[in-house]
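K.L.:
Starting off with a structure, shown below.
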Ligand code: TXA
Ligand code: MG
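Here you go:
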């Protein structure tokens, strides 16, 4: 890909191309929802399997309403409070949305990003933009324009440089189902908008709702176990007392026995288990989230270690850390518990 301004990006979209779009969460790989050639290009550029649906990005609530057959009072309330921002609503899809985008599901993921360049791009494209994170399938998500540039070949579209992503982890994905005014909600992916923030708003507004756990593959095809994996295998260690030697030994035993691929994602195996680089986590969950993907990339490029290690402890179980713990768990080749 090549750097370009919004004008060049709009032209690229008009020519059935894909655009690296900055958002507050991570960079997206955007195409017009009205253009099946461009939507296909998202999947081929990312090498993403067709069973993993894309999120559609809008610049207004009016635009969102056209994408779903059920813009409920709850959708309206959540959008008013959390949009523009890191919350994706999964709602019944309208015919206008190409089944390629939703992988044949009868629901569609919709989100209004808050990055001003994303909003401007959508407005100037005059149509909603489908965009997954702008990384190769299964790899670490991009939080800087340079990450997107290095991920794809030079002739594959335009990247807009919108600076470093402020949130740094992908949006919360919330499935909304309802029976009249009884709502059933499921968080399919944790993100910066927490379950308690959602609950608080919905209680205040007097909705009847309950949260149900739903993590089967049919409802959330993207919720694979392995995802976001860095080039050097990551080992997450929950045991503060474990020495580097013990970590190396456990990693060698476990990783050597893993298959070469899980869920279409390649599992990296170092040639030896001798050296470790430890990645420190910031004290604040927001700062840690903002830096996480960039750290995974930078340590993978610069470190000569055989494995990367991140240590976590009991305070990381608090709700504010959940989005990061989720990504850590999926990026890890191995998790060593106490
Ligand atoms: O923050 C974000 O959400 C970023 C930026 C670019 O907006 N996008 C992003 O897209 O993370 P992606 O494709 O990497 O992740 C989309 C997730 C996947 O886990 C996918 O399975 C889920 O959303 N998803 C999309 N549509 C869905 C649907 N109709 N039903 C269930 N899950 C859906
Ligand atoms: Mg992704």
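Residue numbers (this note's numbering): 114 to 451.
Beta carbons are placed, not taken as given, at the ideal position from N, Cα and C, and that holds for glycine.
Small disclaimer: the values here were computed from a predicted structure and weren't measured.
Out of 151, 143 and 186, which has the shortest C-alpha to C-alpha gap to residue 169?
P.N.:
Taking the chain shown and counting its residues from 1, one reaches residue 169 at position 56. Ranking 151, 143 and 186 by Cα distance to residue 169 puts 143 first.
K.L.:
Under 6 Å Cβ to Cβ from residue 330, same chain only, skipping five residues before and after it: list those, please.
P.N.:
As a position in the chain shown, residue 330 is number 217, starting the count at 1. Unreliable positioning characterises residue 330 in this predicted model, as indicated by a pLDDT of 46, which lies under 50. A coordinate reading is not provided.
K.L.:
What are the start and end residues of the beta strand (DSSP E) that includes residue 324?
P.N.:
Sequence index remark: in the chain shown, residue 324 carries index 211 (1-based). Its beta strand (DSSP E) spans residues 321–324.
K.L.:
Can you give me the C-alpha to C-alpha distance between residue 396 and residue 425, rounded to a whole angstrom?
P.N.:
Here residue 396 is taken as the residue at index 283 of the chain shown, counted from 1. Here residue 425 is taken as the residue at index 312 of the chain shown, counted from 1. Near 11 Å, if we compare the C-alpha coordinates of residue 425 and residue 396.
K.L.:
Of the residues 148, 134, 421 and 138, which one's Cα is nearest the Cα of residue 127?
P.N.:
In the chain shown, counting from the first residue as 1, residue 127 sits at position 14. Checked all of 148, 134, 421 and 138; the closest Cα to residue 127 is 148.
K.L.:
If distances are taken between C-alpha atoms only, which option among 284, 293 and 292 comes closest to residue 301?
P.N.:
Sequence index remark: in the chain shown, residue 301 carries index 188 (1-based). Checked all of 284, 293 and 292; the closest Cα to residue 301 is 284.
K.L.:
Near residue 167, what residues of its chain come up, given a Cβ to Cβ distance below 6 Å and the 5 sequence neighbours on each side ignored?
P.N.:
In the chain shown, the residue the question calls residue 167 occupies position 54. Within the same chain, residue 167 has close Cβ partners 214, 243 and 245.
K.L.:
Note down the Cα distance separating residue 430 from residue 422, rounded to an integer number of angstroms.
P.N.:
Locating residue 430 in the chain shown gives position 317, where the first residue counts as 1. Locating residue 422 in the chain shown gives position 309, where the first residue counts as 1. Approximately 18 Å, taken between the alpha carbons.
K.L.:
Would you call residue 321 buried or exposed, if buried means 16 or more other Cβ atoms sit within 10 Å of its Cβ?
P.N.:
By one-based count along the chain shown, residue 321 stands at place 208. When all chains shown are included, residue 321 counts as exposed.
K.L.:
Under the three-state reduction of DSSP, which class applies to residue 438: helix, strand or coil?
P.N.:
Walking along the chain shown from the start, residue 438 turns up at place 325. Residue 438: helix per DSSP, three-state reduction.
K.L.:
By DSSP's criteria, residue 145 is part of a beta bridge. Which residues make up the other side?
P.N.:
By 1-based counting over the chain shown, the position of residue 145 is 32. DSSP output for residue 145 lists 242 as bridge partner(s).
K.L.:
Should residue 220 go down as buried or exposed, given a rule of 16 or more other Cβ atoms within 10 Å for buried?
P.N.:
Taking the first residue of the chain shown as 1, we reach residue 220 at position 107. Buried, by the Cβ-count rule.
K.L.:
When every heavy atom of the ligand MG is checked, does at least one fall within less than 7 Å of the C-beta of residue 137?
P.N.:
To locate residue 137, count along the chain shown from 1; it is residue 24. No, the ligand MG has no heavy atom inside 7 Å of this Cβ.
K.L.:
Please identify the residue among 356, 181, 276 and 194 whose C-alpha is closest to the C-alpha of residue 218.
P.N.:
For the purposes of this step, residue 218 is taken as the residue at position 105 of the chain shown. Comparing Cα-Cα distances from residue 218 to each of 356, 181, 276 and 194, the minimum goes to 181.
K.L.:
Note down the Cα distance separating residue 325 from residue 385, rounded to an integer number of angstroms.
P.N.:
Here residue 325 refers to the residue found at position 212 when the chain shown is read from its first residue. Here residue 385 refers to the residue found at position 272 when the chain shown is read from its first residue. Roughly 43 Å between the two C-alpha positions.
K.L.:
Give the DSSP-derived three-state secondary structure of residue 412 in the structure shown.
P.N.:
Within the chain shown, the letter at position 299 stands for residue 412. Correct three-state label for residue 412: helix.
K.L.:
Give a single yes or no on whether residue 144 has its beta carbon closer than 7 Å to a heavy atom of the ligand TXA.
P.N.:
Working through the chain shown from its first residue, we reach residue 144 at position 31. Checking every heavy atom of the ligand TXA against the Cβ of residue 144, none is found closer than 7 Å.
K.L.:
Would you give the residue range spanned by the beta strand (DSSP E) that residue 205 belongs to?
P.N.:
Your numbering for residue 205 matches position 92 in the chain shown. From DSSP, the beta strand (DSSP E) with residue 205 extends over 200–205.
K.L.:
Identify, in the order they occur along the chain, each residue of the same chain with its Cβ nearer than 6 Å to the Cβ of residue 391, setting aside the five sequence neighbours on each side.
P.N.:
Residue numbering aside, residue 391 sits at position 278 when the chain shown is read from its first letter. 422, listed in sequence order.
K.L.:
Where residue 156 and residue 136 are concerned, what is the direct C-alpha to C-alpha distance, given to the nearest angstrom?
P.N.:
To locate residue 156, count along the chain shown from 1; it is residue 43. To locate residue 136, count along the chain shown from 1; it is residue 23. One C-alpha to the other measures close to 19 Å.
K.L.:
If you measure from the CB of residue 203, is any heavy atom of the ligand TXA nearer than 7 Å?
P.N.:
Translated into the one-based positions of the chain shown, residue 203 becomes position 90. Relative to the ligand TXA, residue 203 has its C-beta within less than 7 Å of a heavy atom.
K.L.:
Just to check my reading of the structure: residue 216 and residue 163 have Cβ atoms closer than 8 Å, yes? What is that Cβ distance to the nearest angstrom?
P.N.:
To locate residue 216, count along the chain shown from 1; it is residue 103. To locate residue 163, count along the chain shown from 1; it is residue 50. Confirmed, about 6 Å.
K.L.:
Considering just the uninterrupted stretch of the beta strand (DSSP E) at residue 370, what are its terminal residues?
P.N.:
Residue numbering aside, residue 370 sits at position 257 when the chain shown is read from its first letter. Residue 370 -> no beta strand (DSSP E), and no H or E assigned at all.
K.L.:
Taking 7 Å as the cut-off, is the C-beta of residue 253 nearer than that to any heavy atom in the ligand TXA?
P.N.:
Position 140 of the chain shown, counted from the first residue, corresponds to residue 253. Checking every heavy atom of the ligand TXA against the Cβ of residue 253, none is found closer than 7 Å.
K.L.:
Just the Cα atoms here: how many angstroms apart are residue 356 and residue 349?
P.N.:
As a working note, residue 356 is residue 243 in the chain shown. As a working note, residue 349 is residue 236 in the chain shown. Distance between the alpha carbons of residue 356 and residue 349 is about 13 Å.
K.L.:
Could you check if residue 226 belongs to the surroundings of the ligand TXA, using beta carbon to heavy atom distance under 7 Å?
P.N.:
For the purposes of this step, residue 226 is taken as residue 113 along the chain shown, with counting starting at 1. Residue 226 Cβ: within cutoff of the ligand TXA.
K.L.:
Within the same chain, show all residues whose beta-carbon is closer than 8 Å to that of residue 365, passing over the 5 residues directly before and after it, in chain order.
P.N.:
Looking up residue 365 in the chain shown gives position 252. Here the set comprises 386.
K.L.:
Just the Cα atoms here: how many angstroms apart are residue 406 and residue 305?
P.N.:
Here residue 406 refers to the residue found at position 293 of the chain shown. Here residue 305 refers to the residue found at position 192 of the chain shown. For residue 406 and residue 305, the distance between alpha carbons rounds to 15 Å.
K.L.:
For residue 335, count neighbouring C-beta atoms within 10 Å of its own C-beta (all shown protein chains included) and say buried if the count is 16 or more, exposed if not.
P.N.:
Residue 335 sits at position 222 when you count from the first residue of the chain shown. Caution applies to residue 335, whose pLDDT of 47 falls short of 50 and renders its modelled position unreliable; the model cannot decide the point.
K.L.:
Who are the Cβ neighbours of residue 232 in its own chain at under 6 Å, not counting the five residues just before and after it?
P.N.:
Looking up residue 232 in the chain shown gives position 119. 172, listed in sequence order.
K.L.:
Give the DSSP-derived three-state secondary structure of residue 304 in the structure shown.
P.N.:
On the chain shown, position 191 is the one that residue 304 refers to. Here residue 304 sits in coil by DSSP.
K.L.:
Using 10 angstroms around the beta-carbon of residue 413, count the other beta-carbons present and answer buried if the total reaches 16, otherwise exposed.
P.N.:
The sequence position of residue 413 within the chain shown is 300, counting from 1. It counts as buried.
K.L.:
Considering only residues of the same chain and omitting the five flanking positions on each side of residue 207, which have a CB-CB separation below 8 Å?
P.N.:
In the chain shown, counting from the first residue as 1, residue 207 sits at position 94. Closer than 8 Å at Cβ, skipping near neighbours: 179, 180, 181, 182 and 221.
K.L.:
May I ask you to check if the CB of residue 307 is nearer than 7 Å to at least one heavy atom of the ligand MG?
P.N.:
If you number the chain shown from 1, residue 307 lands on position 194. Not so, every heavy atom of the ligand MG lies at least 7 Å from the Cβ.
K.L.:
Taking the alpha helix (DSSP H) that residue 124 falls in, what are its first and last residues?
P.N.:
What you label residue 124 is simply residue 11 of the chain shown in a count that begins at 1. According to the DSSP assignment, residue 124 belongs to the alpha helix (DSSP H) that extends over 119–127.
K.L.:
Measure the beta-carbon distance from residue 319 to residue 247 and round it to whole angstroms, keeping in mind my assumption that it falls under 8 Å.
P.N.:
Locating residue 319 in the chain shown gives position 206, counting from the first residue. Locating residue 247 in the chain shown gives position 134, counting from the first residue. Their Cβ separation, rounded to whole angstroms, is 40 Å, which puts residue 319 and residue 247 out of contact at 8 Å.
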